[in-house]
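Residue numbers (mature numbering (1 follows the signal peptide of the UniProt record, and there is no 0)): -18 to -1, 1 to 324.
In this text, a Cβ means the ideal position worked out from N, Cα and C, and glycines have one as well.
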Amino acid sequence: MSPLRVPLLAVLVSMALCQYYDYDYQPVSVLGPSGPNCNQECDCPVNFPTAMYCDNRKLKFVPVVPTGIKYLYLQNNMIEEIKAGVFDNVTADLRWLVLDNNQLTNAKIAKGTIDKLSGLEKLYFSYNNLTEPIIPPSKSLDELKMTHNKLSKFPSGLLTDKENLTSINLQHNQLTSESITGAFKGSKKLLSLDVSHNKLKKLPAGVPSSLEILYADYNDIDSIGAGYLNKLPSLQYLRISHNKLVDSGIPAGVFNVTSLVELDLSFNKLQSIPEINEQLEQLYLQANEINKIDMSSFCKFIGPINFSRLKHLRLDANNVTYSNMPHDSANCLRQASDIMFE
């Protein structure tokens, strides 16, 4: 029985539709006693003996993990400390480590614990008190989640050999643009990066060209570097809502790339609609200061095969109404089934 209840494709789709994604953990009903290879403070279902469930037990420290355990659930406790030796039996075998909703700090994580987990694939470390990232040596790591901590820096080089890493979630921390410079180099297969709710003044630099999803909502971004998206040929979903973007901070054509499917620029300070590519399907511009609608933002040419593929366009909470739509809008936006002004 595999513990991976949500395939990677389903994870990426859910992240594209919803800003926040949690691992799909469902408590397992234990019929009868736990398996023989289990810590007495936890449960190891007899039909799933490689998993140890220690969640919701008011634990203050991580119990010793016995040989054979691959999936360890420790969320929703009061864990303040990870003592040396607790993972000695599973340094090469542990695949999942879930530590969400505890009280861990960097100072209370002993050397020789997480930094010895050479086979770890998923590390969930959200809702703790970390000020620096904790990265295992495992080259198999594919998902890293450290949201709702106190991270103020992410030193470069920590992910250099993480070639299988596909998803990084760092929202709700205290990261600045300078503190993450070069942080994501080396992650050649990275598909999703969420740095929302931080203190960034610009989009993260040095992200790999494999990236498909980039969320940077709720930061202090006021401009986009010219050619930024040209370095990300696979990017499909870009969200920069709730920032400080102004017209002068958006170079001409910066969003005119064929890969984008969704672009969210809502809750900024834009006064005009930036140029987008005809392939874009979702554009969110609500709650800006837009006072004009120019069809050249959507269509350079209009013809039988030249038109915008835009399906959803939000312009509500701006200074325009449906009466501001140009006469040729129906030809350009012929696939738009939902244009919202109110």
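Check	Outcome
Check: Lys293 C-beta below 7 Å from any heavy atom of the ligand COA	Looking for the ligand COA in the displayed structure turns up nothing, as the structure carries no ligands at all.
Reduced DSSP category for Ser138 - H, G, I as helix; E, B as strand; rest coil	coil
Where Ile116 sits in the DSSP three-state scheme	coil
Runs of beta strand (DSSP E) wholly within the stretch 66 to 121 (minimum 3 residues, chain order)	78 to 80, 104 to 106
Coil, strand or helix - Met277 by DSSP	helix
Alpha-carbon to alpha-carbon, Asn250 and residue 339	This structure leaves residue 339 out entirely; the chain is present only between -18 and 324.
Bridge partners - Asn127, DSSP secondary structure assignment	Note that residue 127 is Lys in the sequence shown here, rather than Asn. For Lys127, which the question treats as bridged, DSSP gives the partners Tyr106, Asn151.
Residue environment, Met60, which counts as buried when at least 16 other CB atoms sit within 10 Å	exposed
Euclidean distance between Cα positions of Gly101 and Gln264	39 Å
Outcome for Lys93 when other beta-carbon atoms lying within 10 angstroms are tallied against a minimum of 16	exposed
Alpha-carbon to alpha-carbon, Ile275 and Ser305	10 Å
Span separating the alpha-carbon of Tyr109 from that of Asn180	15 Å
Asn151 at chain C interface by Cβ criterion, 8 Å	Going by chain labels, chain C is absent from the structure shown, which holds only one protein chain.
Start-to-end residues for the alpha helix (DSSP H) that takes in Ala312	311 to 314
8 Å Cβ shell around Ala318 - same chain, five flanking residues per side excluded	Ser290, Leu292, Lys293, His294, Leu295
Nearest candidate by alpha-carbon position, reference Asp143, set Ile150, Tyr197, Met277, Ser169	Ser169
8 Å Cβ cutoff met for Thr113 and Ile64	no
Beta-bridge partners of residue 327, as assigned by DSSP	Nothing can be reported for residue 327, as the shown portion of the chain is limited to -18 through 324.
CA nearest to the CA of Thr49, picked from Ala33, Pro31, Pro286, Val72	Val72
Close beta carbons around Gln85, own chain, < 8 Å, minus the five adjacent residues each side	Met60, Ile61, Glu62, Asn110, Asn111
Beta-carbon contacts of Asp199 that lie in its chain and below 6 Å, excluding the five residues immediately before and after	Ser178, Arg221, Ser223, His224
C-beta contact flag for Phe107 and Leu81 at 8 Å	yes
Own chain partners of Ile117 with C-beta closer than 6 Å, once the 5 adjacent residues on each side are dropped	Leu140
Identity of the residue in Glu260, Pro45, Lys167, Ser191 nearest Ser279 by Cα	Glu260
Length of the line joining the Cα atoms of Leu315 and Leu76	52 Å
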